[in-house]
Amino acid sequence: MRQMTDAGTFPGGGWQSGAAAGEMPPMVRTPAPPRAPQAPVGTSEPLPFERPARPEAAEPAEPAAPAEAAHEVEIGPTGRPMPFLPEPGPVAEGGRARVISMCNQKGGVGKTTTTINLGASLAEYGRRVLLVDFDPQGSLSVGLGLNPQGMDLTIYNLLMQSDVTLEEVVVPSGVPGMDLLPSNIDLSAAEVQLVHEVGREQTLQRVLGPAMEAYDVILIDCQPSLGLLTVNALTASDGVIVPLECEYFALRGVALLKTTIDKVRERLNPKLSIDGVLGTMYDGRTLHGREVMERLVQAWGDTVFHTVIRRTVKFSDSTVAGEPITSYASSSPGAAAYRQLAKEVLVRCHDA
11 MRQMTDAGTF PGGGWQSGAA AGEMPPMVRT PAPPRAPQAP VGTSEPLPFE
61 RPARPEAAEP AEPAAPAEAA HEVEIGPTGR PMPFLPEPGP VAEGGRARVI
111 SMCNQKGGVG KTTTTINLGA SLAEYGRRVL LVDFDPQGSL SVGLGLNPQG
161 MDLTIYNLLM QSDVTLEEVV VPSGVPGMDL LPSNIDLSAA EVQLVHEVGR
211 EQTLQRVLGP AMEAYDVILI DCQPSLGLLT VNALTASDGV IVPLECEYFA
261 LRGVALLKTT IDKVRERLNP KLSIDGVLGT MYDGRTLHGR EVMERLVQAW
311 GDTVFHTVIR RTVKFSDSTV AGEPITSYAS SSPGAAAYRQ LAKEVLVRCH
361 DA
């Protein structure tokens with residue numbers, strides 16, 4: 011029998027079997043196939059208001075094996091098995107935009123942060139996105155580095171002045187493939203003025219008409235109330251995403267929001283649905299955070315997104331920088347979470 015060398019192998023480079031049949035041939039490792047190069051995201055800004063150029067989506071990676079085929083199923087922070095989310099494919103031309111409202115009458119739950127970062131993630135996947143700042147505070151506009159108080163035309167003018175067109179108000183967001191309808195404090199007057207208008211609940215739906223063929227997704231950042239502006243957003247929407255802070259008090263007002271959504275569906279917009287409830291500011295290290303997530307899943311079931319947005323200072327830093335976390339800290343867990351949310355939204359909307 012040959013002796014092993016100090017390196018732990020037999021002389022000659024092979025391993026010897028103890029069977030009488032002789033030595034086994036050395037194993038040859040098959041080289042992994044080369045990865046397809048990733049196409050860069052488009053960098054040209056669309057000209058308002060010709061149909062915007064679709065941003066180039068990153069070339070889909072080789073699909074991973076579904077969770078069912080793995081030896082161990084990954085359990086997500088919601089306590090449910092994480093689903094397999096495919097890389098989004100190209101969008102069929104000629105489709106109508108899906109309109110989604112970010113809605114919760116409680117402030118500070120992550121509506122604006124989710125609107126910006128979900129929109130930027132969808133744009134990375136080749137979708138043409140329009141963000142609608144529908145909050146008089148103008149937080150969405152500020153979060154993209156704009157000064158809404160210095161703007162001559164905002165969504166208020168689009169709602170209240172018939173001679174103002176959509177292409178006059180839309181501005182580039184700084185993210186390829188994503189535009190913005192800005193807002194400022196003037197919008198607070200619209201809620202009072204719209205009361206006397208005929209078809210006041212359909213005003214936003216009417217002014218967004220020209221955008222339906224020009225974009226793939228329209229995300230509306232609603233104000234933290236259930237007034238006439240929010241009803242306008244729900245009437246114009248196909249779906250609602252409810253960002254919900256993983257704190258006990260955030261759970262208490264969700265029933266009232268659901269009642270409002272149900273009323274809008276019954277009286278104004280039969281197609282309206284809840285696309286998902288999104289847990290935000292989650293801290294799985296605390297018992298309280300885990301208990302709130304458990305209650306959320308008990309109350310809403312599979313409506314709760316598998317994706318959960320965890321607390322991180324990077325969100326505040328990116329807001330100060332005036333850009334999405336997907337570009338400010340592209341490799342951060344927060345950016346990865348919103349890219350995963352974008353995949354989950356596309357799957358739920360049958361656009362993956």
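Note that my numbering has the sequence shown beginning at 11, numbered continuously upward. Quick reminder that beta carbons are idealized off the backbone N, C-alpha and C, glycines included.
Helix, strand or coil at residue i [DSSP, three-state]
{"i": "Arg275", "result": "helix"}
{"i": "Asp182", "result": "It is Pro, not Asp, that sits at residue 182 in the sequence shown. If DSSP states are grouped into helix, strand and coil, Pro182 belongs with the strands."}
{"i": "Glu301", "result": "helix"}
{"i": "Thr189", "result": "Note that residue 189 is Asp in the sequence shown here, rather than Thr. Asp189: strand per DSSP, three-state reduction."}
{"i": "Pro98", "result": "coil"}
{"i": "Thr290", "result": "strand"}
{"i": "Met112", "result": "strand"}
{"i": "Glu255", "result": "strand"}
{"i": "Ile165", "result": "helix"}
Assigned exposure category for residue i - 16 Cβ within 10 Å defines buried
{"i": "Asn157", "result": "exposed"}
{"i": "Ala260", "result": "buried"}
{"i": "Pro334", "result": "buried"}
{"i": "Val205", "result": "exposed"}
{"i": "Met34", "result": "Since pLDDT at Met34 reaches only 40, below the 50 mark, its modelled position is unreliable, and no value is offered."}
{"i": "Thr296", "result": "exposed"}
{"i": "Tyr135", "result": "buried"}
{"i": "Gly344", "result": "buried"}
{"i": "Asp173", "result": "exposed"}
{"i": "Ala347", "result": "buried"}
{"i": "Tyr338", "result": "buried"}
{"i": "Glu354", "result": "buried"}
Integer-rounded CB distance, given that residue j should sit under 8 angstroms from residue i
{"i": "Arg262", "j": "Asp293", "result": "Between Asp293 and Arg262 the Cβ distance is about 19 angstroms, and since that is not below 8 angstroms, they are no contact."}
{"i": "Val83", "j": "Pro96", "result": "Not a contact, Cβ separation roughly 18 angstroms."}
{"i": "Tyr225", "j": "Leu163", "result": "Actually they do not touch by this definition, with Cβ atoms about 19 angstroms apart."}
{"i": "Leu4", "j": "Ser131", "result": "This structure cannot speak to residue 4, because the chain is shown only from 11 to 362."}
{"i": "Gly286", "j": "Val307", "result": "So it is not a contact: roughly 12 angstroms between Cβ atoms."}
{"i": "Ser183", "j": "Leu190", "result": "4 angstroms"}
{"i": "Leu168", "j": "Glu201", "result": "The pair is not a contact, with the Cβ atoms about 15 angstroms apart (cut-off 8 angstroms)."}
{"i": "Tyr166", "j": "Asp145", "result": "That belief does not hold up - the Cβ atoms of Tyr166 and Asp145 are roughly 12 angstroms apart, past 8 angstroms."}
{"i": "Leu282", "j": "Leu236", "result": "Actually they are not in contact, since the Cβ atoms of Leu282 and Leu236 sit about 14 angstroms apart, beyond 8 angstroms."}
{"i": "Asn242", "j": "Glu211", "result": "6 angstroms"}
Beta-bridge partners of residue i, as assigned by DSSP
{"i": "Ser283", "result": "Gly249"}
{"i": "Cys232", "result": "Phe144"}
{"i": "Val264", "result": "Looking at the DSSP assignment, Val264 forms no beta bridge with any residue, so it has no partner."}
{"i": "Ile319", "result": "According to DSSP, Ile319 bridges with nothing at all."}
{"i": "Ile335", "result": "BP columns for Ile335 are empty, so no partner."}
With contact counted as at least three CB pairs below 8 angstroms, one residue from each stretch, are the region 116 to 127 and the region 223 to 242 in contact? yes
Using 8 angstroms as the Cβ pair cut-off and three pairs as the minimum, do the region 196 to 214 and the region 116 to 123 touch? no
When you compare the region 266 to 275 with the region 297 to 305, are there three or more beta-carbon pairs, one atom per stretch, that lie closer than 8 angstroms? no
Any chance the region 104 to 113 sits against the region 245 to 260, with 3 or more Cβ pairs inside 8 angstroms? yes
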